[in-house]
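Enquirer: According to my numbering, the residues represented by the sequence shown are 58 to 115, in order.
Glycine is no exception: its CB is placed at the ideal position from the N, C-alpha and C atoms.
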Amino acid sequence: MAVEYCLKHQTAESLEEASLIPFTDDPEVARRVELATGKAVKAVAPEVAKPDWGDLEV
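#1: Pop quiz: T81 and V105 are said to be a contact at Cβ under 8 Å. What is the actual Cβ separation, rounded to whole angstroms?
#2: Kindly indicate which three-state DSSP category A106 falls into: helix, strand or coil?
#3: Please say whether P84 and A116 have beta carbons closer to each other than 7 Å?
#4: Rounded to whole angstroms, what is the Cα-Cα separation between E74 and T94?
#5: Measure the C-alpha to C-alpha separation of R89 and H66 and round it to an integer number of angstroms.
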């Protein structure tokens, strides 16, 4: 019931766009999804990790 309440004000277009979000960070997968579904996926290149990030010692 909570999901229905949260989604009741969404349009079909916004729900369609939201369903494609999991594929946006991988351009190759986004291309394959576009070919398979005929729907445009707004792919974005993943952010490149900055040098020395993740090596923080506390």
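Expert: To lay it out plainly:
#1: Numbered from its first residue, the sequence shown carries residue 81 at position 24. Numbered from its first residue, the sequence shown carries residue 105 at position 48. Wrong, their Cβ atoms sit about 16 Å apart, outside the cutoff.
#2: Here residue 106 is taken as the residue at index 49 of the sequence shown, counted from 1. Correct three-state label for A106: coil.
#3: Examination of residue 116 is not possible in this model, given that the chain is present from 58 through 115 alone.
#4: The count along the sequence shown starts at 1 and reaches residue 74 at position 17. The count along the sequence shown starts at 1 and reaches residue 94 at position 37. E74 and T94: Cα-Cα distance of roughly 13 Å.
#5: In the sequence shown, residue 89 corresponds to position 32, counting from 1. In the sequence shown, residue 66 corresponds to position 9, counting from 1. Between R89 and H66, the C-alpha separation is close to 30 Å.
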